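Down below is the structure, laid out as structure tokens.
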Amino acid sequence: MSAVGAGRYHCDLAVIDGTVQTSVSIEVVDGRFTSITQGSAPGPGATRLPGLTLPGLANAHSHAFHRALRSRTQAGGGTFWTWRDVMYRAAARLQPDSYHRLARATFAEMALAGVTSVGEFHYLHHRTDGGRYDNPNAMGEALLAAAAEAGIRITLLDTMYLHGGLGDAPSTSSSPSDGSTHNGSPQTGGYLPPNDAQLRFSDGSGDRWVERVDDLRVIDPTTQRVGAAVHSVRAVDPRAMTAVAAWAAAAGAPLHAHASEQTAENEACLAHHGVTPVAVFSEAGALGPRFSAVHATHLSETDIALLAAAGATVAMCPTTERDLGDGIGPTHRFGAEGIAMSLGTDSHASIDLLEEARALELNERLRSHRRGNHAASDLLEMASRNGHRSLGWDDAGTIVVGARADLVTLALDSVRTAGAPTYSAVEVAMFAASAADVTHVVVDGRVVVADRRHATIDVPAELQASIARLFE
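Heads up, the sequence shown is in this note's numbering, so the first residue is 19 and it goes up one at a time.
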């Protein structure tokens, strides 16, 4: 596929500046919206988009290889920690070629669901014994190629992951970033060395992470960029966090981190550092407008105040958070404090940003016993503009002249959506429609999905083949 496209479209209904407009003619040149006319008849050669057309959706938090776990982790009980053991076993099977094929199919599934940009939280860097590939960025480049072939933009959030967890000895931000080693990885200030499954995640030190990421080159800078991530306070010591934050600041890149996903993480961090994970990130200089706290399920009022003051974003992944039994995040407090929220499908128990959006509101209804905490228009903003901004695509996620030409059309005549009046089209999209209702997707002016089919990939067949190959 070419990087950008051009064309004319006529939408029965489209969300323009947050409101539903009728009979909207759109012209695209060089991958950008150049003309948007409301109340117009279809022009010559225009592709008609029946239904409701939305801005492109952004999947702000993804681990592509977790797609192979769908259904395999649903039998029996357990917790996040028992699920993690199964995830490690899947991770151990991946090599650059198999990772590329699985990720391509997963990203293509996202395209079918209306996702036009993905934030790939990437920590599967090295060989299973921790040694580097001949090309140290082979796994990251496999993901970049996969996104290009699937037809969506990617922010590769290259993730620092150095340690195997918090040990008994307390640590401070002034602790050295090197020290005694095990399997070539530092054991810093009471941090545990990575276990056998985690060896391939670790670069060994913050400096070696910076060295490797500096050599990572995108295929197409117009549709791909490299960001940074801290896996968690469990896997990165404060001194190394500072190195990641400095790299992201110098590059003007997004910086994401798992934060307070489980109560056990908070308890270990308080015992080890004397403060919460968000406070550790703050002291390390990580917080700021480009920072996204992923999950943020168990935050204190002080944590929320720190994120709000920094202008940070929270990336919520409700399907994964409930699938793993993590809990319900305080989205009512985020909204009250003006903290922007984005959405991700994380472990890919399902890939459906519309479901993630309504789950955020419905979870809050269960917590508060009140309806209407987050309006449908706000949920759409989380799934589109907020997600794109959190990934560094400030010019995407909205249908306005000059923005990237992303369009996602939903059928309004399916068994889920039929009967809704025009004035409630956004409500039916956010509270009734599903990924199965996505009929047409345009990314940077290129048609990636038409009539519910991907332009170049047989997505079900590729998912089946790549996952079967992984578990042979």
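Even glycine gets a Cβ: it sits at the ideal position worked out from N, Cα and C. None of the values given here were measured: they were computed from a predicted structure.
Nearest-angstrom Cα separation, counted from residue j out to residue i
i: glycine 303; j: phenylalanine 309; result: 10 Å
i: threonine 97; j: leucine 342; result: 6 Å
i: asparagine 213; j: phenylalanine 219; result: 10 Å
i: leucine 324; j: alanine 486; result: 45 Å
i: valine 444; j: leucine 70; result: 8 Å
i: threonine 37; j: isoleucine 54; result: 14 Å
i: aspartate 221; j: tryptophan 227; result: 5 Å
i: serine 250; j: leucine 175; result: 13 Å
i: tyrosine 141; j: arginine 50; result: 33 Å
i: serine 408; j: glycine 437; result: 35 Å
i: threonine 7; j: glutamate 45; result: The structure shown does not extend to residue 7, since the chain is modelled only from 19 through 490, so no value can be given for it.
i: arginine 111; j: arginine 119; result: 13 Å
i: threonine 363; j: alanine 375; result: 10 Å
i: cysteine 559; j: leucine 67; result: Only positions 19 to 490 of the chain appear in the structure, and residue 559 is not among them; the question remains open.
i: aspartate 196; j: glutamate 229; result: With a pLDDT of 30 at aspartate 196, under the threshold of 50, the predicted position of this residue should be treated as unreliable, and no value is reported.
Residue i (DSSP reduced to helix, strand or coil)
i: leucine 481; result: helix
i: alanine 109; result: helix
i: glutamate 355; result: coil
i: proline 256; result: helix
i: isoleucine 34; result: strand
i: glycine 25; result: strand
i: proline 68; result: strand
i: serine 432; result: coil
i: alanine 474; result: Correcting the residue identity first, residue 474 is threonine in this sequence and not alanine. Three-state result, threonine 474: coil.
i: leucine 425; result: strand
i: threonine 55; result: strand
i: threonine 124; result: helix
i: serine 43; result: strand
i: arginine 145; result: coil
i: arginine 218; result: helix
i: glycine 405; result: helix
i: isoleucine 346; result: coil
Option in the options with minimal Cα separation from residue i
i: valine 42; options: Ala32, Gly36, Asp48, Arg50; result: Ala32
i: proline 272; options: Ala286, Thr416, Val332, Gly208; result: Val332
i: serine 368; options: Gly405, Arg389, Ala454, Thr281; result: Ala454
i: serine 318; options: Thr338, Ser58, Val293, Gly329; result: Val293
i: proline 211; options: Ala86, Gly49, Gly185; result: Gly185
i: arginine 88; options: Arg26, Ala375, Thr338, Leu428; result: Thr338
i: serine 126; options: Arg26, His366, Ser278, Gly410; result: For clarity, residue 126 is alanine in the given sequence; the question names serine instead. Ranking Arg26, His366, Ser278, Gly410 by Cα distance to alanine 126 puts His366 first.
i: glutamate 480; options: Gly329, Arg243, Ala268, Ala168; result: Ala168
i: arginine 107; options: Asp225, Arg464, Thr146, Leu425; result: Thr146
i: histidine 276; options: Gly61, Glu301, Val312; result: Val312
i: aspartate 48; options: Ala24, Pro68, Ser135, His392; result: Ala24
i: alanine 131; options: Leu72, Ile322, Thr100; result: Leu72
i: alanine 82; options: Asp476, Ser116, Leu384, Thr52; result: Ser116
Residues that residue i bridges to, as DSSP identifies them
i: serine 360; result: Ala333
i: phenylalanine 98; result: BP columns for phenylalanine 98 are empty, so no partner.
i: threonine 177; result: Ala247
i: asparagine 77; result: Val136
i: glycine 183; result: Leu210
i: serine 310; result: His274, Thr331
i: alanine 468; result: His458, Arg471
i: isoleucine 172; result: Val136, Gln242
i: arginine 50; result: Val47, Arg422
Sequence-distant residues of the same chain with beta carbon closer than 6 Å to residue i, five excluded per side
i: glutamine 56; result: Gln39, Val42
i: aspartate 413; result: Ala421, Arg422
i: glutamine 216; result: Gly182
i: asparagine 381; result: Pro336, Ile346
i: valine 254; result: Met178, Leu180, Val248
i: arginine 471; result: none
i: valine 262; result: Met178, Ala246, Val248
i: histidine 144; result: Arg150, Arg218
i: alanine 394; result: Val444, Glu445, Met448
i: histidine 392; result: Glu379
i: arginine 26; result: Glu45, Gly61, Gly63, Ala64
Chain-order list of residues whose beta-carbon lies under 7 Å from that of residue i (same chain, five-residue window excluded)
i: isoleucine 237; result: Leu162, Ala163, Ala166
i: glycine 410; result: Thr173, Arg243, Gly245, Ala271, Pro272
i: valine 477; result: Ala123, Ala126, Glu127, Leu130
The ligand MN heavy atom lying under 8 Å from the CB of residue i
i: histidine 290; result: This structure lacks the ligand MN, and indeed carries no ligand of any kind.
Residues near residue i in its chain [Cβ-Cβ closer than 8 Å; skip 5 each side]
i: methionine 359; result: Thr331, Val332, Ala333, Met334, Thr349, Phe352, Gly353, Leu378, Met400, Asn404
i: asparagine 284; result: Ser278, Thr294, Pro295, His316
Cutoff 9 Å: residue i Cβ touching any chain C Cβ
i: threonine 474; result: Considering every chain present, this structure includes no chain C. It has just one protein chain.
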